[in-house]
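Participant: Would you mind keeping the following structure in view while I ask a few things?
Protein chains: 2
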Amino acid sequence: MVKYQVPDNQTRDRIFKAASEVFEEKGYDGARMQEIADLAGINKALLHYYFSTKDQLFGAVFQVLLRKMFEKIVSIFMEDISFKEKLRKFFDQHIEILIKNQKLPIFLLNELSHNPELVQGIRETLPYEQLRNSLFQKHAKELKGYGIKKDDMPQLMLTVVSFSVFPFAARDMITMMIPELADNKKFIAFMRDRKEFAADFVITALKNRKK
Amino acid sequence: MVKYQVPDNQTRDRIFKAASEVFEEKGYDGARMQEIADLAGINKALLHYYFSTKDQLFGAVFQVLLRKMFEKIVSIFMEDISFKEKLRKFFDQHIEILIKNQKLPIFLLNELSHNPELVQGIRETLPYEQLRNSLFQKHAKELKGYGIKKDDMPQLMLTVVSFSVFPFAARDMITMMIPELADNKKFIAFMRDRKEFAADFVITALKNRKK
DNA sequence: GTCTATAGAAGGATAGAC
DNA sequence: GTCTATCCTTCTATAGAC
Numbered sequence: 744m745v746k747y748q749v750p751d752n753q754t755r756d757r758i759f760k761a762a763s764e765v766f767e768e769k770g771y772d773g774a775r776m777q778e779i780a781d782l783a784g785i786n787k788a789l790l791h792y793y794f795s796t797k798d799q800l801f802g803a804v805f806q807v808l809l810r811k812m813f814e815k816i817v818s819i820f821m822e823d824i825s826f827k828e829k830l831r832k833f834f835d836q837h838i839e840i841l842i843k844n845q846k847l848p849i850f851l852l853n854e855l856s857h858n859p860e861l862v863q864g865i866r867e868t869l870p871y872e873q874l875r876n877s878l879f880q881k882h883a884k885e886l887k888g889y890g891i892k893k894d895d896m897p898q899l900m901l902t903v904v905s906f907s908v909f910p911f912a913a914r915d916m917i918t919m920m921i922p923e924l925a926d927n928k929k930f931i932a933f934m935r936d937r938k939e940f941a942a943d944f945v946i947t948a949l950k951n952r953k954k
Numbered sequence: 744m745v746k747y748q749v750p751d752n753q754t755r756d757r758i759f760k761a762a763s764e765v766f767e768e769k770g771y772d773g774a775r776m777q778e779i780a781d782l783a784g785i786n787k788a789l790l791h792y793y794f795s796t797k798d799q800l801f802g803a804v805f806q807v808l809l810r811k812m813f814e815k816i817v818s819i820f821m822e823d824i825s826f827k828e829k830l831r832k833f834f835d836q837h838i839e840i841l842i843k844n845q846k847l848p849i850f851l852l853n854e855l856s857h858n859p860e861l862v863q864g865i866r867e868t869l870p871y872e873q874l875r876n877s878l879f880q881k882h883a884k885e886l887k888g889y890g891i892k893k894d895d896m897p898q899l900m901l902t903v904v905s906f907s908v909f910p911f912a913a914r915d916m917i918t919m920m921i922p923e924l925a926d927n928k929k930f931i932a933f934m935r936d937r938k939e940f941a942a943d944f945v946i947t948a949l950k951n952r953k954k
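Just so you know, the protein sequences line up as chains A and B, in that order.
Position in the first sequence counted from 1, then plus 743, gives you the numbering used here.
Position in the second sequence counted from 1, then plus 743, gives you the numbering used here.
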């Protein structure tokens with residue numbers, strides 16, 4: 744008779760969650776195994792029992808966080824709506840996600856910059872090729888109407904993403920220049936305003952683009 | 744009789760330069776005093792003779808790097824040319840600076856995010872207030888023609904800066920999605936293309952903005 | 001000012017009992 | 001699986017000779 748088993752390993756999950764928080768907050772170099780153990784309510788020895796090294800723990804966490812961010816973006820852009828509608832929906836949903844994960848962008852970008860090899864092993868599992876190809880094909884007519892050629896897609900996509908991501912990555916730089924936005928509530932309001940500002944800005948630029 | 748003195752302290756300068764490189768490359772937590780000493784061609788003891796602690800050395804370096812980036816931006820926007828001309832000039836010059844300092848954006852943004860208090864003592868010495876006020880006043884007519892109110896300036900300025908800064912901060916994320924740009928020469932070409940793309944994009948969006 | 005040598009603390013990882 | 005105790009390396013910082 745097989746004994747009842749807890750759905751998954753609870754301790755492991757608690758460790759994983761604690762590690763996610765600490766790494767996201769402090770980065771790899773700034774994170775301490777002791778702090779992760781404390782937050783998970785266990786000791787260092789047990790931490791090493793589940794994840795033998797800091798590297799391994801970090802790798803597991805990073806992969807999940809990167810995928811989390813990436814898949815949400817892709818899923819919106821894969822939907823079956825017009826390009827203009829996609830833009831509005833993307834800014835709305837993506838900015839809401841980022842409001843809930845304000846430190847995620849700078850964490851991902853910084854760690855990736857220090858450790859480009861982190862991407863290996865994740866790249867293949869991400870549907871980014873799909874996205875690149877399908878996006879232009881699916882909206883060929885609409886985009887052609889805007890004078891966007893396939894070669895222009897990287898510049899355009901980068902521009903779109905930067906509207907939502909950059910303000911979070913540059914949060915403290917913004918605070919420096921616009922002290923009013925130091926207050927988190929005001930910053931969130933500013934980012935919610937930005938949903939419409941960004942969509943209008945991009946759509947206007949596209950519609951009136953010289954061909 | 745006063746003895747002849749070398750213009751400034753050479754060793755100190757070498758340390759400062761070495762520290763700038765190492766911090767910019769590895770970040771505060773990842774940087775090692777030993778590596779800085781090696782790069783400066785001295786030993787750790789002498790390093791501590793000039794800068795008693797790592798914190799102090801970092802503070803000095805960070806302040807200079809932040810100011811360097813900031814002042815260049817401000818100086819362009821302070822010139823006496825039309826707003827449209829400023830945009831083109833800004834994208835041209837700023838992107839060239841960033842090409843020569845590709846790791847600077849992610850370094851500054853990340854350290855600022857981990858240590859917001861770094862700004863104290865720098866803020867007052869930066870002419871950002873000046874910039875904020877003068878920009879809108881100087882171009883009141885031109886901006887009003889675009890339907891830009893004073894309240895819209897933060898969104899607009901953030902947008903402009905993100906066009907040039909974000910691609911460097913997100914360099915490895917871009918590489919992940921667009922493998923062709925892994926090659927530095929191609930990435931630089933991509934960023935030089937972006938000068939015109941960005942200026943056209945922003946100007947088109949402004950000109951046709953609904954009021 | 002510059003060096004060699006080393007102190008002292010912190011942090012990742014393991015041994016071994018329960 | 002979980003804990004206590006401890007090892008060992010790395011890193012910042014200092015003492016002290018020249």
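Where is the CB? At the ideal position from N, CA and C, for every residue including glycine.
With a threshold of 8 Å between beta-carbons, can arginine 831 (chain A) be considered close to chain B, or not?
Facilitator: The count along the first sequence starts at 1 and reaches residue 831 (chain A) at position 88. Cβ-Cβ to chain B under 8 Å: no for arginine 831 (chain A).
Participant: To be precise: take each residue of the region 874 to 902 of chain A, compare its Cβ to all Cβ atoms of chain B, and keep it if any distance is under 9 Å. Which residues remain?
Facilitator: Leu874, Arg875, Asp895, Pro897, Gln898, Leu899, Met900, Leu901 and Thr902
Participant: Residues of chain A with a CB under 8 Å from the CB of tyrosine 793 (chain B): which are they?
Facilitator: One-based indexing of the second sequence puts residue 793 (chain B) at position 50. Under the 8 Å cutoff, chain A gives no residues; its nearest Cβ is about 24 Å from tyrosine 793 (chain B).
Participant: Tell me where the alpha helix (DSSP H) around glutamate 867 (chain A) begins and ends.
Facilitator: Along the first sequence, one-based indexing puts residue 867 (chain A) at 124. Segment: none, glutamate 867 (chain A) is in no alpha helix (DSSP H) and carries neither H nor E.
Participant: Hey, is lysine 832 (chain B) close to the ligand FAD, as in C-beta under 7 Å from one of its heavy atoms?
Facilitator: Only the bare structure without any ligand can be found here, which leaves the ligand FAD out of the picture.
Participant: Using the Cβ count rule (16 or more neighbours within 10 Å means buried), how would you classify asparagine 853 (chain A)?
Facilitator: Here residue 853 (chain A) refers to the residue found at position 110 when the first sequence is read from its first residue. The residue is buried, with at least 16 neighbouring Cβ atoms inside 10 Å.
Participant: Measuring only the C-alpha atoms, how far is arginine 755 (chain B) from phenylalanine 850 (chain B)?
Facilitator: The residue given as residue 755 (chain B) occupies position 12 in the second sequence. The residue given as residue 850 (chain B) occupies position 107 in the second sequence. Approximately 23 Å between the Cα atoms of the pair.
Participant: Alpha carbons only, please: which of A:Tyr871, A:Gln777 and A:Ala762 is nearest the one belonging to isoleucine 921 (chain B)?
Facilitator: Position 178 of the second sequence, counted from the first residue, corresponds to residue 921 (chain B). Closest by alpha carbon: A:Tyr871.
Participant: So methionine 916 (chain A) contacts chain B; which residues on that side make the cut at Cβ distance below 8 Å?
Facilitator: Within the first sequence, the letter at position 173 stands for residue 916 (chain A). Simply Leu851, Leu852 and Leu855.
Participant: Is the shortest distance between the beta-carbon of isoleucine 838 (chain A) and the beta-carbons of chain B less than 8 Å?
Facilitator: Along the first sequence, one-based indexing puts residue 838 (chain A) at 95. Not closer than 8 Å to any Cβ of chain B, the Cβ of isoleucine 838 (chain A) fails to qualify, so no.
Participant: Rounded to whole angstroms, what's the CA-CA distance from methionine 776 (chain A) to leucine 924 (chain B)? Just pull it up for me.
Facilitator: Your numbering for residue 776 (chain A) matches position 33 in the first sequence. Your numbering for residue 924 (chain B) matches position 181 in the second sequence. Taking the straight line joining both Cα atoms gives about 36 Å.
Participant: According to DSSP, is serine 905 (chain A) part of a helix, a strand, or is it coil?
Facilitator: As a working note, residue 905 (chain A) is residue 162 in the first sequence. DSSP places serine 905 (chain A) in the helix class (H, G or I) of the three-state scheme.
Participant: Any beta carbon from chain A within less than 8 Å of methionine 821 (chain B)'s own beta carbon?
Facilitator: For the purposes of this step, residue 821 (chain B) is identified with residue 78 of the second sequence, where counting begins at 1. Not an interface residue.
Participant: Looking at the structure shown, is aspartate 823 (chain A) part of a helix, part of a strand, or coil, going by DSSP?
Facilitator: Indexing the first sequence from 1 puts residue 823 (chain A) at position 80. Correct three-state label for aspartate 823 (chain A): coil.
Participant: Give the secondary structure of histidine 837 (chain B) by DSSP, where H, G and I count as helix, E and B as strand, and everything else as coil.
Facilitator: Taking the first residue of the second sequence as position 1, residue 837 (chain B) is located at position 94. Helix.
Participant: Using only the alpha-carbon positions, how far apart do phenylalanine 801 (chain B) and tyrosine 771 (chain B) sit?
Facilitator: Residue mapping note: residue 801 (chain B) aligns to position 58 of the second sequence, counting from 1. Residue mapping note: residue 771 (chain B) aligns to position 28 of the second sequence, counting from 1. So the two alpha carbons sit approximately 7 Å from each other.
Participant: Rounded to the nearest angstrom, what separates proline 897 (chain A) and phenylalanine 911 (chain A) at their Cα positions?
Facilitator: To locate residue 897 (chain A), count along the first sequence from 1; it is residue 154. To locate residue 911 (chain A), count along the first sequence from 1; it is residue 168. Taking the straight line from one Cα to the other gives about 21 Å.
Participant: For threonine 868 (chain B), decide whether its Cβ has a neighbour in chain A, counting only Cβ atoms nearer than 8 Å.
Facilitator: Against the second sequence, residue 868 (chain B) aligns to sequence position 125. For threonine 868 (chain B), the answer is no, since every Cβ of chain A falls outside 8 Å of its Cβ.
Participant: For arginine 810 (chain B) versus isoleucine 865 (chain B), is the C-beta spacing smaller than 8 Å?
Facilitator: On the second sequence, residue 810 (chain B) is found 67 positions in, with the first residue counted as 1. On the second sequence, residue 865 (chain B) is found 122 positions in, with the first residue counted as 1. In this structure, isoleucine 865 (chain B) lies closer than 8 Å to arginine 810 (chain B) by Cβ.
Participant: Give me the residue from B:His882, B:Tyr793 and B:Leu949 with the minimum Cα distance to valine 903 (chain B).
Facilitator: Taking the first residue of the second sequence as position 1, residue 903 (chain B) is located at position 160. Among B:His882, B:Tyr793 and B:Leu949, the Cα nearest to that of valine 903 (chain B) is on B:Leu949.
Participant: Using a Cβ-Cβ distance under 8 Å, would valine 862 (chain A) count as near chain B?
Facilitator: Here residue 862 (chain A) refers to the residue found at position 119 of the first sequence. Yes, contact with chain B.
Participant: Is phenylalanine 930 (chain B) close to chain A? Criterion is C-beta to C-beta, closer than 8 Å.
Facilitator: Stepping through the second sequence from its first residue, residue 930 (chain B) is reached at position 187. Chain A, which has no Cβ nearer than 8 Å to the Cβ of phenylalanine 930 (chain B), makes this no.
Participant: Can you give me, in chain order, the residues of the region 780 to 814 of chain A that have a beta carbon less than 8 Å from any beta carbon in chain B?
Facilitator: none
Participant: Taking methionine 919 (chain B) as the reference, which of A:Glu867, A:Lys938 and A:Met916 has the closest Cα?
Facilitator: The residue given as residue 919 (chain B) occupies position 176 in the second sequence. With distances taken between Cα atoms, methionine 919 (chain B) lies closest to A:Glu867.
Participant: For the alpha helix (DSSP H) that glutamate 923 (chain B) lies in, which residues bound it at each end?
Facilitator: Looking up residue 923 (chain B) in the second sequence gives position 180. Element bounds for glutamate 923 (chain B): n/a, residue is neither H nor E.
Participant: Which stretch, first to last residue, makes up the alpha helix (DSSP H) that contains glycine 770 (chain B)?
Facilitator: Counting from one through the second sequence, the residue named residue 770 (chain B) turns up at place 27. 753 to 773 is the span of the alpha helix (DSSP H), which, as asked, contains glycine 770 (chain B).
Participant: Can you tell which of A:Asn951, A:Ile931 and A:Asp943 has its C-alpha closest to the C-alpha of lysine 843 (chain A)?
Facilitator: On the first sequence, residue 843 (chain A) is found 100 positions in, with the first residue counted as 1. When each option's Cα is compared against that of lysine 843 (chain A), the closest is A:Ile931.
Participant: Tell me which residues share the same chain as glutamate 885 (chain A) and place their Cβ nearer than 7 Å to its Cβ, disregarding the 5 neighbours each side in the sequence.
Facilitator: Here residue 885 (chain A) is taken as the residue at index 142 of the first sequence, counted from 1. Hits under 7 Å: Ser825 and Phe826.
Participant: Threonine 947 (chain B) by DSSP, collapsed to three states: which one?
Facilitator: Taking the first residue of the second sequence as 1, we reach residue 947 (chain B) at position 204. Three-state DSSP puts threonine 947 (chain B) in a helix.
Participant: Once you ignore the five residues that flank glutamate 768 (chain B) on each side, which residues in its own chain have a CB closer than 7 Å to its CB?
Facilitator: On the second sequence, residue 768 (chain B) is found 25 positions in, with the first residue counted as 1. Cβ neighbours of glutamate 768 (chain B) beyond the five flanking positions: Lys846.
Participant: At a cut of 8 Å, does the region 926 to 941 of chain A reach the region 831 to 842 of chain A through at least three beta carbon pairs?
Facilitator: yes
Participant: Could you work out which residues of chain A lie near methionine 919 (chain B), taking near to mean beta carbons separated by less than 7 Å?
Facilitator: Locating residue 919 (chain B) in the second sequence gives position 176, where the first residue counts as 1. Neighbours of methionine 919 (chain B) across chain A, judged by C-beta separation under 7 Å: Val862 and Arg866.
Participant: Just to confirm, are valine 908 (chain A) and leucine 830 (chain A) a CB contact at a threshold of 8 Å?
Facilitator: Translated into positions along the first sequence, residue 908 (chain A) becomes position 165. Translated into positions along the first sequence, residue 830 (chain A) becomes position 87. Not a contact, by the Cβ cut-off of 8 Å.
Participant: Output needed for phenylalanine 879 (chain B): all residues of its chain with C-beta closer than 7 Å, excluding positions within five of it in sequence on either side, in chain order.
Facilitator: The count along the second sequence starts at 1 and reaches residue 879 (chain B) at position 136. For phenylalanine 879 (chain B), where only same-chain residues beyond five positions count, the Cβ hits under 7 Å are Leu886, Lys893 and Met896.
Participant: From what residue to what residue does the alpha helix (DSSP H) around asparagine 853 (chain A) run?
Facilitator: Stepping through the first sequence from its first residue, residue 853 (chain A) is reached at position 110. Element bounds for asparagine 853 (chain A): 847 to 857.
Participant: Assuming leucine 901 (chain B) and isoleucine 917 (chain A) form a contact by the criterion Cβ under 8 Å, report the distance between their Cβ atoms to the nearest whole angstrom.
Facilitator: For this step, residue 901 (chain B) is matched to residue 158 along the second sequence. For this step, residue 917 (chain A) is matched to residue 174 along the first sequence. Indeed they touch by this definition, with Cβ atoms about 7 Å apart.
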